[in-house]
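Written below as structure tokens is the structure these notes are about.
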Amino acid sequence: MSSAISVSSLFKTYGSGFEALKNINLDIRHGEIFALLGPNGAGKTTLISTICGIVNPTSGTILADGHDIQKEYRAARTKIGLVPQELTTDAFETVWNTVSFSRGLFGKPFNPAHIEKILKELSLWDKKDNKIITLSGGMKRRVMIAKALSHEPEILFLDEPTAGVDVELRRDMWNVVRALRESGVTIILTTHYIEEAEQMADRIGVISKGEIVLVEEKSELMRSLGKKQLRLQLQEEHKSIPAALAKYGLELAPSGGELIYSYDAHEEKTGIAALLKDLEKAGMGFNDIQTKQSSLEEIFVNLVKERT
Amino acid sequence: MNLHAIRAIYLFEMHRTWRTIMQSIISPVISTSLYFVVFGSAIGGRIPEISGVPYGAFIVPGLVMLSLLTQSISNASFGIYFPKFTGTIYELLSAPVSYLEIVIAYVGAAASKSIILGVIILATAALFVPLRIEHPFIMVLFLVLTAVTFSLFGFIIGIWADGFEKLQLVPLMIVTPLTFLGGSFYSIDMLPPFWRVVTLFNPVLYLVSGFRWSFYGLSDVHIGTSLGMTAVFLVVCIFIVRWMFKTGYRLKS
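Residue numbers (the working numbering), protein chains in the order written: chain A, 1 to 308; chain B, 309 to 561.
Okay, here's the thing in structure tokens:
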């Protein structure tokens, strides 16, 4: 079976000479939620825009469900729904009209029942006759999602869908995303909220300076890159770490009351047992012990840092 | 052919007209009525008949053309410029529509609007002056051909413009002067020989002359020449639009 999206050797150089994408190779599987992470200006939006036909690629090929996005743009684009980052809507139109318009634009016959269903799912039904200009930012975001879903896409791109969105909408949105995934829709999202990728995504791709740095199963990524930390609450405050403990690379919290030991949980010898013995020898007593797995955010920050 | 998309864009654009009915329909009708009052009644009473046609009636085809040209250009240029300005163009670019379908829908809507407007103005004119239309078929042909051609021209301006100033520049600086100097309000026989030759280089002359011929059988240039020149301009516009979409000019980076 072909991939939902298949990008190979994609380059994009803007007219200004800026290389936004450098040799991107990426396969998105059918039915997965793929999170694309990267700092601002890394090329996330350019990549999405190129796949959706808004930006011309400089070279390389992109297939959407096996259809070349340039040669068979009609077949390819019919399958794709896009929710862009910017809230760009027809300010003076009503919600109902603008969502119906999107459906028609993507070649689907008018279907009031489907539009009603989408508007209800996104809690927009009671606003259907309102002009978009009268809606709040969060409501406009919902309209953008409704537009993208109006033509029943098989592949949905969400570019920073939760930027500047309140908790309630975020929850609604993720419910919609989960329901879509269950119905077999492939979802590609970019986000700054890494915990969201952590909760939602099946796979994670990291993009930095126009290059895909890594693509990995989320759980695999967390496991292979995840460092664990052991935190010890000391009985007394210390100003420095005794020389005898130097080999462990310990950190002393600024308060002096906490010791932090970083280790790799997958190694055979984590060094914890030896450390505890040496602490006792050095006469440092402790009240409490805590271990913590590093979050995706920390992994991500480390990855991007390593490359710069 | 993505007929649903053509229909969606067309209806969306037409809906915009009803929403802005003051600006799109009523204001051009008022300004044209003012021309009738000033040129037709106040000044026209002192101007003798031109080849047997009272001056008030003589200027009707020119005035209809004036509105048709300016409205076609402004409707179409605004129709495509506005999505570019607000950013909603992303949807059009990511939709499974060909450039031909986009052009048919936008230009079709803009041309429909200006034809409706042209007919309203003609009806208004009939209230002020006695009208007769000798060649109704040719008249309709000119109405449609001009509306389509200049809507296409407006569409080109809308894609080319990267600010509201440029959007106004061409209609204001080029189209309005050309229309006024293209024989809308006079026959070029009334001009000195030198200016008569200069006017022959004004494309609007051919439209006004041909359109007036369909009313009164009077023309400054042969009706065939008028039709031919309009067709040439139409074809030029089609090629420019084709090129713009092929290269993504000012639409895609």
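No residue lacks a Cβ here, since even glycine has one placed at the ideal position from N, Cα and C. All values reported here derive from a predicted model rather than from experimental measurement.
Asked	Found
Beta carbon of F519 (chain B) nearer than 9 Å to that of T454 (chain B)	yes
Helix, strand or coil at E216 (chain A) according to DSSP, with G and I counted as helix	strand
Residues near D27 (chain A) in its chain [Cβ-Cβ closer than 6 Å; skip 5 each side]	S3 and S6
Residue span of the beta strand (DSSP E) that contains N287 (chain A), given as start and end	F286 to Q293
Cβ contact (3+ pairs, closer than 8 Å) linking the stretch 396-413 of chain B and the stretch 342-362 of chain B	no
Exposed unless 16 or more other CB atoms sit within 10 angstroms - verdict on P356 (chain B)	exposed
Chain B contacts from the stretch 98-122 of chain A (Cβ-Cβ distance under 7 Å)	F101, S102, G104, L105, F106, G107, K108 and P109
Rounded separation between F386 (chain B) and E473 (chain B) - CA only	12 Å
Whole-angstrom distance between V478 (chain B) and G466 (chain B), CA atom to CA atom	10 Å
N56 (chain A): contacting residues in chain B (beta-carbon distance under 8 Å)	G556, K560 and S561
Neighbour list for P84 (chain A) in chain B, Cβ cutoff strictly below 7 Å	Y398
Of the residues B:I464, B:M537, B:I441 and B:V543, the one placed nearest W282 (chain B), counting alpha carbons only	It is not possible to answer for residue 282 (chain B), since the shown part of chain B is limited to 309 through 561.
Contacts that G395 (chain B) makes with chain A (C-beta to C-beta distance below 7 Å)	E86 and T88
CB contact flag (I260 (chain A), R223 (chain A), <9 Å)	no
Secondary structure of G81 (chain A), DSSP reduced to three states	strand
Boundaries (first-last residue) of the alpha helix (DSSP H) holding R141 (chain A)	G137 to L149
Helix, strand or coil at T94 (chain A) [DSSP, three-state]	strand
CB contact check: G335 (chain B) to chain A, cutoff 9 Å	The sequence given here places Ser at residue 335 (chain B); Gly does not occur at that position. No, because no Cβ of chain A sits closer than 9 Å to the Cβ of S335 (chain B).
Three or more C-beta pairs below 8 Å linking the stretch 142-161 of chain A and the stretch 74-82 of chain A	yes
Test: S420 (chain B) CB closer than 9 Å to a CB of chain A	no
Stretch-stretch touch, CB-based, cutoff 8 Å, three pairs: the stretch 10-21 of chain A with the stretch 174-190 of chain A	no
P438 (chain B) to A365 (chain B) span [Cα, whole Å]	6 Å
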